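Here our numbering is used: the first residue of the sequence shown is 2, the next is one more, and so on.
Each remark here refers to the structure printed beneath this line.
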Amino acid sequence: DGKGTIRLANGFSANKAPGSGGKVLMKTEALIGVMAVDEPAINPPNDVFVISQLGKIIRFQAAEVPAKEGVVQGVNCMNLRSDTCTAFTVSSSGAASA
């Protein structure tokens, strides 16, 4: 559905009974991928690239996606209409932050 989120690590508490449960990351039926990043990676000038099955690619700053602690539905990253998201990556632009 073209949504994305940044989850903070302090939003995950330890399970009281290991192996008996889990944590819901996102309320979604289809998950394209998960990427662990350090906190500096969510601040500018780091960019997120999202690629669709029909060849659409978008780029936006990771800081545009608000970081959350709880279960989230995510924010709209790409309008898909009759398309599907196939891949994403996070990249540093190499510029020094101001």
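The beta carbon of each residue, even a glycine, is placed where N, CA and C say it ideally should be.
Just so we're clear, the structure is a prediction, and the values are computed from it rather than from any experiment.
Best match in the options for proximity to residue i [C-alpha to C-alpha]
i      : options                       : result
Lys62  : Val51, Glu70, Gly56 and Gly34 : Lys is not the amino acid found at residue 62; the sequence shown has Gln there. Comparing Cα positions, the closest option is Val51.
Gly56  : Lys69, Glu70, Met79 and Glu65 : Met79
Leu81  : Val66, Ile59, Ala68 and Glu65 : Ile59
Asn138 : Glu65, Glu70 and Lys69        : The first residue shown for the chain is 2 and the last is 99, placing residue 138 beyond what the model contains.
Beta carbon of residue i nearer than 8 Å to that of residue j
i     : j     : result
Gln54 : Thr87 : yes
Asp48 : Ser83 : no
Three-state class that DSSP yields for residue i in the structure shown
i     : result
Asn80 : coil
Ala68 : strand
Ala63 : helix
Beta-bridge partners of residue i, as assigned by DSSP
i     : result
Asn1  : The chain is shown from 2 up to 99; residue 1 falls before or after that span and cannot be answered.
Ile58 : Ile52
Ala31 : Looking at the DSSP assignment, Ala31 forms no beta bridge with any residue, so it has no partner.
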